[in-house]
Every structure is written in structure tokens, then in C-alpha cells.
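Protein chains in written order, with this note's numbering: chain A, 2 to 182; chain B, 3 to 146. Cβ atoms here follow ideal geometry from the backbone N, Cα and C, with glycine treated the same way. In this text the structure is predicted, and so the values were computed from the model without any measurement.
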């Protein structure tokens with residue numbers, strides 16, 4: 002005669018343990034993913050905010066400089082942008098301002114006699130910059146080159162495009178050839 | 003007596019383990035349900051702020067063009083730039099003129115396809131001295 006075991010098993014079975022572990026693993030994986038996405042988004046947002054702030058600072062400085070300029074000088078050809086300043090402005094009292102391209106954006110070089118000051122605008126890697134003079138305005142345009150953007154920018158960051166136009170004193174444009182659109 | 007207590011304890015443990023699993027999943031689903039809309043909203047806000055920056059630059063550029071043309075530009079024929087047309091879907095540039103004792107106040111406004119943007123356009127005022135408004139002339143050339 003066999004004796005039937007009526008005692009309930011103590012502890013947890015292997016299947017129960019595996020089920021709980023799997024559930025916890027999935028929960029942790031999803032939670033980690035959410036946390037990672039959140040942190041990445043925060044980083045991207047901060048980066049974009051900083052970039053926007055820099056672009057606005059550039060716009061303000063650029064318009065102020067061009068409005069004050071008594072002489073404007075642009076590079077003769079687009080290829081010269083690497084060697085020459087993108088834009089050279091002469092302000093009253095002998096102050097010279099040059100906008101030069103950098104690998105990360107633009108730099109503004111202010112020369113007052115012997116003193117030279119620099120101000121950097123870090124925007125995005127591998128931007129292509131152009132200047133043009135038309136209809137009494139100096140236009141400064143910068144766009145992200147797609148290949149460079151892929152190599153240097155985060156996956157979801159939007160390509161940057163800067164288009165600035167500033168009115169210039171007609172006397173300052175003497176000798177500078179206007180661009181036909 | 004002792005066996006009965008053990009049985010009760012074992013039964014309670016088993017119940018708790020599945021309850022914990024359900025609770026963990028419920029919490030996770032709740033967290034995801036609240037996080038996903040946040041993520042979507044965040045993406046939308048980022049895109050909106052990008053578009054707003056482009057729009058602000060566009061208005062400032064248009065104001066500079068009007069000023070450079072010394073007020074001789076025909077405002078009715080002002081059109082958004084190629085960049086604005088590309089970056090701002092359904093963009094429309096409008097203006098209102100208001101004569102004042104100091105000259106003419108031109109209010110430029112920009113709208114594009116965005117929730118609530120048609121009712122609240124982005125605006126920028128340009129002041130033209132009185133002498134400018136009297137001499138309308140042909141359009142200035144479009145900048146590159």
C-alpha cells in the first residue's frame with residue numbers, strides 16, 4: 002500500500018525561479034533602456050540648446066559688426082575661405098574684425114592695434130560657410146556637410162543651418178562686387 | 003501544529019512571488035505608459051524650438067533686407083527665403099503697416115503649419131523713418 006504524500010512542497014521550484022528571473026531580467030532590460038534613452042535625450046537637448054544659444058550669439062555679434070562696418074572685404078573665391086578670413090570688417094577707430102572658419106564652426110578675431118582677441122562659436126563639425134554681398138546686405142550662410150555630420154554628430158541631432166543677413170552702410174561696400182542671385 | 007504553520011508559510015510565499023511579478027510588470031507598464039508620451043512630447047518640443055529659431059532668423063533677415071533697401075521695398079511682394087520654405091512647412095510671411103509720428107512701423111509676422119501658430123504668429127517690428135515710406139521703388143534682388 003502506497004502512502005500518498007499530502008505535504009505541500011516547501012520553497013520554490015526551478016520553473017518558478019526561472020520565471021521570476023526572466024521577468025525581472027526583462028523588467029531590468031526595459032528599465033535600463035528607458036534610462037539610457039532618457040539620458041541620451043537629455044544630452045542631445047543640452048547640446049542643441051547650447052548650439053542654438055551659440056547661433057543666436059553669432060547672429061547678434063555678426064549683425065552688430067556689419068552695421069558698424071566702414072569697410073567690408075570678402076574672399077575673392079569660395080576656395081580661399083580655408084586660408085583667408087570668411088569676412089573682414091573695418092570698424093570705426095581702426096578696429097578690425099575677421100570671421101574665420103574653424104573645424105567646429107567660426108571664430109571672430111578682433112584686432113585693436115596690437116591687441117588681438119578671439120571669440121569662438123562652436124556650432125557643428127564640418128560646416129561649409131559662404132559669404133555674399135547683395136542688395137545692400139552681407140549674407141553669411143553655414144550648412145552642415147552631410148558626410149561630416151554623420152561622422153561627428155550624434156545620431157538624432159538635426160543638421161544645422163545658419164543663414165544671417167545684415168544691412169551694411171553702402172559706403173562700406175565700395176569696391177566690393179555684388180553677387181548676382 | 004508546526005506542520006500547519008509551515009504549510010501556511012509556504013502557501014504565502016508562493017502567492018507573494020507571483021504577486022511580485024505582476025506588480026513589477028504593472029509598474030513597468032505604468033512607467034512606460036507615462037514615459038513614451040513624454041519622449042514623444044520632448045521630440046516634438048525639440049522640433050518646435052528648431053523651427054522657431056529658423057523663423058526668428060528669417061524675420062530678422064527680412065527686417066535687415068527692408069532696412070537695407072532704405073524703405074523703398076514693396077512690402078507686398080516680400081516672400082519667405084528658400085531656407086524658410088524648406089524648413090518651415092506651409093510658411094507664410096505677412097505684414098501690417100502703421101504710420102506713427104516717428105515714421106512707419108512695419109510689423110512682420112510669420113506663420114507656419116504648427117498647432118496654434120496661425121493664431122499666435124511670430125512677429126517682429128521694423129521702424130522706418132518717415133522719409134523712407136514716401137518713395138516706393140522696385141523690389142531689391144533676392145539674396146542668395
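As assigned by DSSP and simplified to three states, the class of residue i
i                      : result
residue 141 of chain B : For residue 141 of chain B, the predicted structure reports a pLDDT of 42, less than 50, and the residue's modelled location is therefore unreliable. A value from the coordinates is still provided. Reduced to three states, the DSSP call for residue 141 of chain B is coil.
residue 108 of chain B : strand
residue 157 of chain A : Interpretation of residue 157 of chain A is limited by its pLDDT of 49, a score under 50 that renders its predicted location unreliable; the figure taken from the coordinates is listed afterwards. If DSSP states are grouped into helix, strand and coil, residue 157 of chain A belongs with coil.
residue 101 of chain B : strand
residue 23 of chain A  : helix
residue 147 of chain A : helix
residue 117 of chain B : coil
residue 82 of chain B  : coil
residue 76 of chain A  : coil
residue 13 of chain A  : coil
residue 74 of chain B  : coil
residue 70 of chain A  : coil
residue 126 of chain B : strand
residue 171 of chain A : helix
Cβ of residue i within 8 Å of any chain B Cβ
i                      : result
residue 42 of chain A  : yes
residue 74 of chain A  : no
residue 162 of chain A : yes
residue 38 of chain A  : yes
residue 71 of chain A  : no
residue 56 of chain A  : yes
residue 60 of chain A  : yes
residue 137 of chain A : yes
residue 51 of chain A  : no
residue 35 of chain A  : yes
residue 30 of chain A  : no
residue 166 of chain A : yes
residue 24 of chain A  : yes
From the options, residue whose alpha carbon lies closest to that of residue i
i                      : options                   : result
residue 52 of chain B  : B:127, B:90, B:120, B:99  : B:90
residue 61 of chain B  : B:122, B:111, B:131       : B:111
residue 109 of chain B : B:103, B:128, B:120       : B:128
residue 146 of chain A : A:12, A:105, A:46         : A:105
residue 131 of chain A : A:111, A:162, A:121       : A:162
residue 87 of chain B  : A:55, A:172, A:164        : A:164
residue 99 of chain A  : A:127, A:123, A:66        : A:66
residue 142 of chain A : A:59, A:85, A:25          : A:59
residue 115 of chain A : A:128, A:95, A:47         : A:95
residue 135 of chain A : B:113, B:66, B:124, B:97  : B:66
residue 124 of chain A : A:50, A:75, A:89          : A:50
residue 99 of chain B  : B:116, B:77, B:115        : B:77
residue 122 of chain B : B:96, B:106, B:107, B:102 : B:96
Bridge partner(s) assigned by DSSP for residue i
i                      : result
residue 46 of chain A  : Looking at the DSSP assignment, residue 46 of chain A forms no beta bridge with any residue, so it has no partner.
residue 93 of chain B  : In the DSSP output, where bridge partners are listed per residue, residue 93 of chain B has none listed.
residue 166 of chain A : A:140
residue 39 of chain B  : According to DSSP, which records beta bridges pairwise, residue 39 of chain B is partnered with nothing at all.
residue 86 of chain A  : Answer is none; residue 86 of chain A lacks a bridge partner.
Any C-beta of chain A under 8 Å from that of residue i
i                      : result
residue 27 of chain B  : yes
residue 66 of chain B  : yes
residue 115 of chain B : no
residue 111 of chain B : no
residue 33 of chain B  : yes
residue 59 of chain B  : yes
residue 53 of chain B  : no
residue 74 of chain B  : no
residue 77 of chain B  : no
residue 70 of chain B  : yes
residue 62 of chain B  : yes
residue 23 of chain B  : yes
residue 44 of chain B  : yes
residue 2 of chain B   : This structure cannot settle anything about residue 2 of chain B, because the visible part of chain B is limited to 3 through 146.
residue 125 of chain B : no
residue 129 of chain B : no
residue 103 of chain B : no
Which full runs of the alpha helix (DSSP H) of 4+ residues lie inside the region 88–143 of chain A, going along the chain? For the alpha helix (DSSP H) assignment, the region 88–143 of chain A encloses no uninterrupted run of at least 4 residues.
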